[in-house]
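A.B. asks: Can you read through this structure? Questions will come right after.
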Amino acid sequence: MASQHVVVRARGVTKELPLGSTTVHALRGIDLDIYTGELVVIVGPSGSGKSTLLGLIGGLDTATSGTIEIDGVDITRLNEDQLTEIRNEKIGFIFQFFNLIPTLTALENVALPVQFARKPQFHPEKRAKELLTALGLKDRLRHRPAELSGGQQQRVAIARALANNPPLLLADEPTGNLDSESGAMVMDALERIRNQAGTTIVIVTHDAQIARHADRTIRLVDGLIANGRA
Ligand SMILES: Nc1ncnc2c1ncn2[C@@H]1O[C@H](COP(=O)(O)OP(=O)(O)OP(=O)(O)O)[C@@H](O)[C@H]1O
Ligand SMILES: [Mg+2]
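In this text, residue positions in the sequence shown follow my numbering: the first is 10, and each later residue adds one.
Here is the structure:
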């Protein structure tokens with residue numbers, strides 16, 4: 010399943026954040042390779058830099074120093090337009106609080122990123138229906154987020170993140186807001202996607218149940234990888 014092609018390569022990545030008159034060293038030198046089709050889980054105490062690292066890998070934020078390559082392209086050297094293009098083409102995001110658009114139906118929420126793609130590979134509604142059906146939401150296409158359970162909303166968010174078939178899926182505490190049964194369903198869905206589409210998945214979590222699904226667990230402590238190459 011996991012091949013030797015490197016999707017994410019981070020070298021010497023640091024992130025410093027100003028806080029009043031001091032500086033927070035959120036990341037203090039991260040070296041990391043993530044391979045195609047891997048399901049990697051990032052764990053570690055609160056404040057250890059997990060979300061910061063995920064945001065840098067996803068090009069949502071910029072590193073203070075170091076390099077981050079996505080499919081061989083160093084994203085730390087890109088301008089905002091180029092970054093946006095990489096994000097749209099290569100990366101799907103899933104957040105703890107779903108971030109769905111409340112006025113749109115499940116189908117519309119998932120179809121939207123396909124409509125916005127510069128070179129759409131899919132028919133927006135057809136693609137949305139196919140993904141939602143695969144995630145067990147065939148009977149919920151016309152529901153708005155408020156008419157769905159937390160686990161169902163998160164599965165809509167997963168479908169949306171996958172809408173343009175990104176090779177890399179990043180998830181920050183995707184089950185943090187769910188009961189254990191819904192969380193298990195979300196994890197099953199993610200694992201199935203990895204197995205079927207070969208999507209590389211990186212998940213930040215506090216949940217030991219989720220870490221069990223991982224090919225590899227990376228532990229961050231105080232802005233550094235604590236377990237070397239697990
Ligand atoms: N905007 C900011 N300004 C200053 N410091 C920040 C900012 N954002 C995060 N930090 C600090 O950076 C460090 C890493 O934060 P980060 O959010 O990456 O931690 P985390 O591992 O995701 O924690 P959690 O498990 O609680 O989500 C923390 O010490 C945090 O206080
Ligand atoms: Mg976090």
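Virtual Cβ for every residue (Gly too), placed ideally from N, Cα, C.
(1) Could you tell me the boundaries of the beta strand (DSSP E) in which K24 lies?
(2) Excluding five sequence neighbours on each side, which residues of the same chain lie with their C-beta closer than 6 Å to the C-beta of A180?
(3) Taking C-alpha atoms, which residue in R203, L199, N236, T209 lies nearest to R18?
(4) Taking just the CA atoms, how far does L140 sit from T76?
(5) Please state the DSSP three-state secondary structure of I79.
(6) Let me check understanding here. Comparing Cα to Cα, which of A206, Q161, A172 lies closest to P183?
(7) Checking the sheet assignment: what are the DSSP bridge partners for A180?
(8) To the nearest angstrom, how far is it from the Cα of L87 to the Cα of R221?
(9) Helix or strand or just coil, what does DSSP make of G185?
(10) Pick out whichever of D90, G46, G21 has its Cα sitting closest to the Cα of A223.
(11) Leaving out the 5 sequence neighbours to the left and right, which residues in its chain are closer than 8 Å to T85 when beta-carbon positions are compared?
(12) How long is the line joining the alpha carbons of A217 and I95, rounded to whole angstroms?
(13) Within its chain, find whatever has a CB closer than 7 Å to the CB of L6; leave out the 5 residues flanking it on each side and keep chain order.
C.D. replies: Let's see:
(1) 15-28
(2) I103, I212
(3) T209
(4) 34 Å
(5) strand
(6) Q161
(7) I103, I212
(8) 35 Å
(9) coil
(10) G46
(11) T71, A72, G75, T76, I77
(12) 31 Å
(13) The question about residue 6 has no answer, for the chain in this structure spans 10 to 239.
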